[in-house]
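>
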Amino acid sequence: MHLYLTALCLLLSIFAKAQTAQEVHITNIEKKKGTLYVGWYDNKKSFMKPKQTVFVKMIKVEDQDEVKALFDNIPAGKYAISVFLDENDNQDLDLNVFGIPQEKYGFSNGTPAMRPATYSESEIEVNGEKQVFPVKLK
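Count the sequence shown with mature numbering (1 follows the signal peptide of the UniProt record, and there is no 0) and you get residues -18 to -1, 1 to 120, in order.
#1: Fully enclosed by the segment 35 to 112, which alpha helix (DSSP H) runs are 4 residues long or longer?
#2: Assuming residue 18 contacts residue 43 (C-beta within less than 8 Å), just tell me the rounded distance between them.
#3: Buried or exposed for residue 119, please, with buried defined as at least 16 other CB atoms from any protein chain shown within 10 angstroms of its CB.
#4: By the 10 Å Cβ neighbour count, where 16 or more other Cβ atoms means buried, how is residue 56 classified, buried or exposed?
#5: Checking 7 Å against the spacing of the C-beta atoms, do residue 7 and residue 116 come in under that value?
#6: For residue 108, which option in 9, 53 and 28 has the closest C-alpha, if you only look at C-alpha atoms?
#7: How far does the beta strand (DSSP E) with residue 3 in it reach, from first residue to last?
#8: What do you get for residue 63, buried or exposed, if any count of 16 or more other CB atoms within 10 angstroms of its CB means buried?
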């Protein structure tokens, strides 16, 4: 019986995806107040749809220039990260009449000028080891 359980555990560990703690390092926080929304997406169809994040964290900002958001047990795989600072705590990224964000936002792998990033531009790979993913708000 003991040999059977050992073999079963070994077999399960071979097929299990590695899960590790990951860090999102958010910089360029100018207003230093509000709530940061950090969302992880695992496909382009769900990207930028807040209710379709696979991992999400909300972090209160109080007089901070930068924030380190820690996420535990992230399985190895490909993801994209989006972040926005909800300065007025209304739980939305405020846009002007032309659809341009009025609050700070950013993406993994940087933020293009004059438009939001796409999933493929923001795609990162979690490799089973702890990594730090920088996001600079703009």
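The C-beta atom is built at its ideal place from N, Cα and C for all residues, glycine as well.
Quick look at the numbers:
#1: Runs found: 101 to 104.
#2: That pair is a contact at about 6 Å.
#3: With 16 or more other Cβ atoms within 10 Å, it is buried.
#4: Looking at its Cβ environment, which holds 16 or more other Cβ atoms inside 10 Å, residue 56 is buried.
#5: Taking the C-beta atoms as reference points, residue 116 is found nearer than 7 Å to residue 7.
#6: Looking at the Cα atoms, 53 is the closest of the given residues.
#7: Residues 1 to 9.
#8: The residue is buried, with at least 16 neighbouring Cβ atoms inside 10 Å.
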